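For reference, the structure discussed in these notes is given below.
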Amino acid sequence: MPELPEVETVRRALALELGELRVLAVGGRSTALRRPLVVERLAAVLPGRRFAAARRRGKFLLLDLEPPGTLLCHLGMSGRLTLDAVSAPLLPHTHLVLRLEDGRELRFVDPRRFGLLDWLEPGAEAADPSLARLGPEPLDPAIGRWLPPRLKARRAPLKALLLDQHLVAGVGNIYAAEALWRAGVRPDREGRRTALPRLERLALEVRSVLEEAVAEGGTTIRDYAAPSGNFGSFAVRLEVYGRQGEPCRRCGAELRADVLGGRTTAWCPHCQR
DNA sequence: CCAGTATCCTGCAGGC
DNA sequence: TGCCTGCAGGATACTG
């Protein structure tokens, strides 16, 4: 669900809202998330610690605390972090509740349970199985130099390659489709059969679509919301995602949808070549 | 190593 | 109205 811009939006909101607040208590119920969520483990380390910084790596959120340690978080498809008054009713599928010293609670809600929460001791980050193999950040201004050769080395469809977090970290189904449309490149084209200048163009479009979405607070389609309850406004600027059957805004041709790398991809058969 | 598929889970829209 | 099916913004284990 949330891709890089949505996670970045959450990160910024949390950095602002959490400040250096102390965690007073930990609640919730252990459950099977992507990694097992063991509430007792978090209850043993979090109380007494203060939030110190909120970082993002790809679609992962890293909340640093003091004394040092990091709460690793991934929102999966349906995960949300919310800040609520203690008195606010608990939503169904609330897995973790952190009671804060200002009277509010940081809550993790995730109906589909594809997300994850984990505690990382200082130094454990480099060895974390999810973080260790992540590709570079797509907001890097140098993306035009390192992404094209990586794509060129593979024969899978470009759409599938953009979703591979080991090649570039943070692109998901929405922005992959949008970047391909902006670059005028067919999503089913093989990496190795695409000319380098076109791959460079694609890399730059990946960066710019993500940057624009970050500036708008992300895309809200179904159940994504920032902790404050605000919604991103990028949805109105989507050119292909979810628009199959509708006319291409560039050439008027009917947009179609195909499954690539197991994910539905909308694209324009006329202006994407 | 690479590419493709199956799988985890719930909610919801659409068809009947 | 209810039931059923398929699909959803993700990551990864597995197969060939």
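Residues in the first sequence are numbered from -11 upward in steps of one, following the working numbering.
Glycine included, every Cβ here is placed at the ideal spot set by N, Cα and C.
Bear in mind the structure is a predicted one, so any value in this text is a computation, not a measurement.
7 Å Cβ cutoff met for residue i and residue j
i, j, result
"Gly172", "Arg142", "no"
"Asn161", "Arg43", "no"
"Gly57", "Gly103", "no"
"Arg10", "Glu89", "yes"
"Ala245", "Gln232", "yes"
"Gly16", "His83", "yes"
"Leu(-8)", "Leu198", "yes"
Proximity winner among the options, relative to residue i (alpha-carbon distances)
i, options, result
"Cys239", "Gly230, Val247, His83 and Cys256", "Cys256"
"Thr70", "Arg38, Asp90, Leu59 and Ala1", "Ala1"
"Ala223", "Pro55, Leu12 and Gly205", "Gly205"
"Arg170", "Asp152, Leu78 and Ala254", "Ala254"
"Leu59", "Arg231, Gly16 and Ala40", "Ala40"
"Pro126", "Gly230, Asp176 and Lys47", "Lys47"
"Arg22", "Ala73, Glu5 and Asp98", "Asp98"
"Lys147", "Pro175, Pro129 and Arg121", "Pro175"
"His258", "Leu49, Glu8, Leu(-8) and Leu168", "Leu168"
"Ala144", "Ser18, Arg38, Leu248 and Ser221", "Leu248"
"Pro55", "Arg68, Arg38 and Gly67", "Arg38"
"Val14", "Val26, Ala201 and Glu188", "Val26"
Burial state of residue i (16 or more Cβ within 10 Å)
i, result
"Arg95", "buried"
"Gly158", "buried"
"Glu193", "buried"
"Leu78", "exposed"
"Pro235", "exposed"
"Leu34", "buried"
"Pro117", "exposed"
"Gly91", "exposed"
"Tyr212", "Note that Tyr212 scores a pLDDT of 49, beneath 50, so its modelled location is shaky; the value from the coordinates is reported in the next line. With 16 or more other Cβ atoms within 10 Å, it is buried."
"Ala115", "exposed"
"Pro(-10)", "buried"
Nearest-angstrom Cα separation, counted from residue j out to residue i
i, j, result
"Glu113", "Gly36", "22 Å"
"Gly123", "His81", "31 Å"
"Gly132", "Arg(-1)", "26 Å"
"Leu226", "Ala165", "9 Å"
"Leu150", "Val156", "7 Å"
"Leu190", "Gly230", "20 Å"
"Ala3", "Arg101", "24 Å"
"Leu6", "His154", "30 Å"
"Leu51", "Asp152", "24 Å"
"Glu(-4)", "Asp128", "14 Å"
"Leu53", "Ala241", "52 Å"
"Arg87", "Glu(-6)", "24 Å"
"Leu119", "Ala73", "32 Å"
Distance cut-off 6 Å: residue i Cβ against heavy atoms of the ligand ADP
i, result
"Leu151", "Only the bare structure without any ligand can be found here, which leaves the ligand ADP out of the picture."
Open item on the list: Whether or not the stretch 177 to 192 and the stretch 130 to 138 are in contact is what I'm after, with contact meaning three or more pairs of Cβ atoms, one per stretch, closer than 8 Å; do they touch?
Closed with: yes
Open item on the list: Between the stretch 18 to 32 and the stretch 100 to 108, can you find at least three pairs of beta-carbon atoms closer than 8 Å?
Closed with: Counting Cβ pairs under 8 Å, three or more are found: they touch.
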